[in-house]
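Written below as structure tokens is the structure these notes are about.
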Amino acid sequence: MSTFFTEEHELFRQSLRAFLEKEAIPHIDQWEEDRRTPRDIWKKMGDMGFLGLSYPEEYGGLGLDFFYDVVFNEELGRCNSGGFAITQQVTQYMSCPNILKYGSEELKQRYLPGIISGDLISSIGITEPGAGSDAQNISTTAIKDGDHYVVNGAKTFITNGVYGDFIVTVVKTDPEAGAAGVSLLILEQKMEGVTSRKLKKLGWHSSDTAELNFDNVKVPVENLIGEEGRGFYYLMNGLQLERLVAVPAAVTGCETAIEMSLQYMSEREAFGRPINKFQVLRHRIAQLASEVEALKAFSYHCCEMYANDIYDVKLCSMAKLLATELCEKVATECLQFFGGYGFMEEYPMARMYRDVRVGTIGGGSSEIMREIIAKIVIDGQGYVKPKSSGNGIVERKASTPGGNGKSDNGSTDTAETTPDISIEEIVSGIQAKASAVDALGKTLKFDFGGEQITIDGTGADNQVSASNPDADCTINLSKEDFHKLVSGNLNPMNAVMSGQVKIDGDMGLAMKLQSLFS
Amino acid sequence: MTKYFTEEHDTFRQSFRAFLEKEVKPNIDQWEKDGQLPRDIYKKFGEMGYFGLNRPEEYGGLDLDMWYGVVFDEEIARMNSGGFGASIGAHPMLALTHITHEGTEEQKQKYLVPGILGTKVGCLAITEPSAGSDVQSVRTTAIKDGDEYVINGSKTFITNGVLSDFLVVVCKTDPDQKAKGISLFIIDRDTAGVSATFLDKLGWRASDTGEIAFDNVRVPASNMLGAEGQGFFYIMQHFVSERLAMAVGGYAASEYAIEVTLKYMNEREAFGRKINRFQVLRHRIAQLSAEIEMVKQFCYSLYARYAAGEYVVKEASMAKLLGTQLADKTMTQCLQMFGGYGYMEEYPMARMFRDTRLGQIGGGTSEILCEIIAKAMIDGRSYKSV
């Protein structure tokens, strides 16, 4: 699609594809059987400049645009090994962006050059035996003790966890505090107290997936990424990329499956003709190809938004949901075309069928994707469609200082001039809404900088007043944004997730903004 | 301003939407009952320039880009009357398209100019009782006799087939041939031997869908549209835009259905809460919304490619296939959200459900589309612009 890829992108693609065909694809069967991908393939890729594509040059990256990453993932998707692809998908796009965006200069210098050169491999450690989708409920603790944290707990299903070098780990630095007690801490496999167990999986065999145990692991405080208590918020900011990255690879994976099926069907004969003559099979191909073509266009649309710094939660969730579900459909139908040979590991479809099955689970299950989309589509009645039209694309909004105040298109275009509203008007305006919902159980303060209003939900119902006590949760935002929240022109969830409003304190209470303002 | 639509497009959308809200929406229920549209709505469309969006200025058109057509189709879909959409759309998109591309200057003056004004309404008659998907097997003949052609045969399922002023008719000028024996003719309604009856349908009830009989109808040879033996190819030629338009109708109607459904679910209560709190229903809405967004972006990307000169036959077929399948799926699930009220004609979903059902049949059945796509992908068939 030449609207998205320049000649330079295509040259990169040719070179990467040639490399993969020579250095990776001939060995993948072996790596799958070994349940391990040797590290030197990553070093070779690093040497070729295939890693760290959009990372800054000062760390060895290439500072290229996002569509190089799209090409990278597309080409990985053609290798028919989800296990092979996921190693760098996690390292480059799910783990290390947290260091790049929020880490100290020291951490960046310590870890980023290595993952870009291919010397280091990393993980993102969120999931625990007792908490997957419900990430807020993690229980791994990191208790400060002088110049280090003591980490105790366990993680599971961690890609690259066995043979990798470090893990961006999601820990509770304040176990009492709910989501606002979550921090990101870098642990290394070689640290004392870190043990791993390699998990046996249905698919992704060439990827080492670990159950990790942390037994009084001493982690220097320097390994904290950003600020304590902001971990959950950092993670949420990275989810769009994590979801999006799967999509181009899913598209090319499906395309490859169809290509392979067409090849097989043109050779295999039954009842006196190549099986590509049977109408039922032809129409299945037509249906699958149509859905893949639509997904491809949608994928490029979402990637283009992302490349323009528009972090659209709804779109990325939709894309991940549809891509992974389509992969399952394509894999099972294409396996069927191969008949008995489809069931043989010697033929490609068996591996694809096994590999795609995790797609609707990892990186945010399909159920969670639907929850997110439902919240935006159903509850976010104030999810503002840009004035322009129905296709949801807005002009790029300049990022706010701090690097992560990028808003998604739920809150950009309606730059109505808000009249200067008095605090009294605000109080009476929100009292009705506050009275309509259950007592919050805690205190929630809105700080406009200079003026504040507080909802005291500790009693039988919610009382609003213009006051400035210490509150369980404080939301820092402008009066204009507050007005938009109340009038339904700013979606609370999006505002929180995009950093347009800043939360201090009980994040769980902030999550109730949704019901308060709907 | 967006990637595809400019401020001008948006302004057009606002004004077209306002026009539809005022001139169309209040009358839809009546037109559905009447089984036809009144003549004056065509005139109103014509006066506003809505029939000539992409047509040359010299014939009264506005010479605008194809994105105006996309806006047109998206907004029409929100009227919740497939019949209204069909009739008001078939006239400019099917009948006038052929006059524009294949007509002589004289034919354009006689049909295109009043067509754009809305003072003459046309239809396109391809399908016959015994030939739908198999267009090449049509049996209506047009036999040369001196400087006239004598036309005999019948057509069915023709939108605007009863009330239109003129008909663009697919005939066999050479019955011994297949595609190469087909030519197009323009026939005036009041020509002797032309008769039509209304068809009673599951949906699209505001549209006068007709069965038409041609009994020794004599037309001047100058009524042939385009060259002899090229009729089939002319029809094929316009399928890309027709299929894309139907794909747009698919996702746009689906979007509208979700809108009305969300509104209902936000009001209706059960078991002590609004029904939009139930996870199963929420997830259905989420899934449909995702699929609608995907088909929408797919269609936009195809329009962009088409506008840039790419003849996207395979892809347009894919889009129509997916858009109409999605609409069927959306309508039935949204109807379910309304419970018993979903089954009542007084509520919007019943009509949407009925109307949508034709989508996978008209304009190329889903089966035919799969045939086309399969031929392209498996047999390496490619299509060039005529």
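Residue numbers (the numbering used here), protein chains in the order written: chain V, 47 to 564; chain L, -17 to 368. Glycine included, each C-beta is placed from N, C-alpha and C at the ideal position.
Item: Residue interval of the beta strand (DSSP E) (run including glutamate 241 of chain L); Value: No beta strand (DSSP E) holds glutamate 241 of chain L; the alpha helix (DSSP H) holding it covers 221 to 247.
Item: Minimum Cβ-Cβ distance from asparagine 258 of chain L to chain V less than 7 Å; Value: yes
Item: Within 7 Å, strictly: CB atoms of methionine 359 of chain L and alanine 335 of chain V; Value: yes
Item: Contiguous alpha helix (DSSP H) assignments of at least 4 residues, all confined to the segment 132 to 206 of chain V; Value: 143 to 148, 151 to 163
Item: Nearest-angstrom Cα separation, counted from leucine 290 of chain V out to phenylalanine 130 of chain V; Value: 18 Å
Item: Beta-carbon proximity check, cysteine 142 of chain V vs isoleucine 161 of chain V, cutoff 7 Å; Value: yes
Item: Residues bridged to methionine 206 of chain L [DSSP beta-bridge criterion]; Value: L:Phe167
Item: DSSP bridge partner residues for cysteine 519 of chain V (one or two, in chain order); Value: V:Leu490, V:Gly551
Item: Span of the beta strand (DSSP E) around threonine 141 of chain L; Value: 130 to 141
Item: Inter-residue CB distance, threonine 141 of chain L and serine 189 of chain L (contact presumed, cutoff 8 Å); Value: 6 Å
Item: Local Cβ density within 10 Å of arginine 403 of chain V, reported as buried at 16 or more and exposed below that; Value: buried
Item: Among V:Leu158, V:Val117, V:Thr173, nearest to glycine 106 of chain V - alpha-carbon criterion; Value: V:Leu158
Item: Cβ neighbours of glycine 436 of chain V in the same chain (closer than 7 Å, five flanking residues each side left out); Value: At glycine 436 of chain V, the pLDDT of 33 sits below 50, so the modelled position is not reliable and the matter cannot be decided from this model.
Item: Residue of L:Gln269, L:Lys137, L:Pro74 minimising C-alpha distance to lysine 154 of chain L; Value: L:Lys137
Item: Coil, strand or helix - leucine 281 of chain V by DSSP; Value: helix
Item: Under 7 Å between C-beta atoms of lysine 491 of chain V and threonine 500 of chain V; Value: yes
Item: Serine 368 of chain V vs serine 412 of chain V beta-carbon contact at 7 Å; Value: Note that residue 368 of chain V is leucine in the sequence shown here, rather than serine. No, these two residues do not count as a Cβ contact at 7 Å.
Item: Start-end ranges of the beta strand (DSSP E) lying completely within the segment 236 to 289 of chain V, minimum 3 residues; Value: 240 to 244, 255 to 266
Item: Proximal residues to glutamate 69 of chain V (C-beta, below 7 Å), its chain only, five neighbours per side dropped; Value: Ile87, Lys90
Item: For aspartate 180 of chain V and aspartate 254 of chain V, the rounded distance between their alpha carbons; Value: 24 Å
Item: 7 Å Cβ cutoff met for cysteine 348 of chain V and alanine 365 of chain V; Value: yes
Item: Assigned secondary structure, phenylalanine 253 of chain L (DSSP; H/G/I helix, E/B strand, else coil); Value: coil
Item: C-beta contact flag for aspartate 193 of chain V and valine 267 of chain V at 7 Å; Value: yes
Item: Rounded C-alpha distance that separates lysine 421 of chain V from aspartate 527 of chain V; Value: 20 Å
Item: Amino acids of chain V, ordered along the chain, whose beta-carbon sits closer than 7 Å to that of isoleucine 355 of chain L; Value: Ala332, Ala335, Ser336
Item: CB contact check: lysine 321 of chain V to chain L, cutoff 7 Å; Value: The residue you asked about is not lysine; residue 321 of chain V is isoleucine in the sequence shown. No, isoleucine 321 of chain V does not count as interfacial toward chain L.
Item: Outcome for glutamine 155 of chain V when other beta-carbon atoms lying within 10 angstroms are tallied against a minimum of 16; Value: exposed
Item: As assigned by DSSP and simplified to three states, the class of isoleucine 499 of chain V; Value: strand
Item: Where arginine 287 of chain L sits in the DSSP three-state scheme; Value: helix
Item: Chain L contact for glutamate 56 of chain V (CB, 7 Å cutoff); Value: no
Item: Beta-carbon proximity check, glycine 207 of chain V vs serine 252 of chain V, cutoff 7 Å; Value: no
Item: Under 7 Å between C-beta atoms of lysine 548 of chain V and asparagine 522 of chain V; Value: yes
Item: Validate contact between the segment 336 to 343 of chain V and the segment 261 to 278 of chain V using beta carbons, cut 8 Å, 3 pairs; Value: no
Item: Bridge partners - lysine 218 of chain V, DSSP secondary structure assignment; Value: V:Thr187, V:Val228
Item: Cβ pair leucine 245 of chain V, glutamate 257 of chain V closer than 7 Å; Value: yes
Item: Partner residues on chain L for valine 315 of chain V, Cβ-Cβ distance less than 8 Å; Value: It is glutamate, not valine, that sits at residue 315 of chain V in the sequence shown. Within 8 Å Cβ-Cβ: nothing; glutamate 315 of chain V doesn't reach chain L, min ~15 Å.
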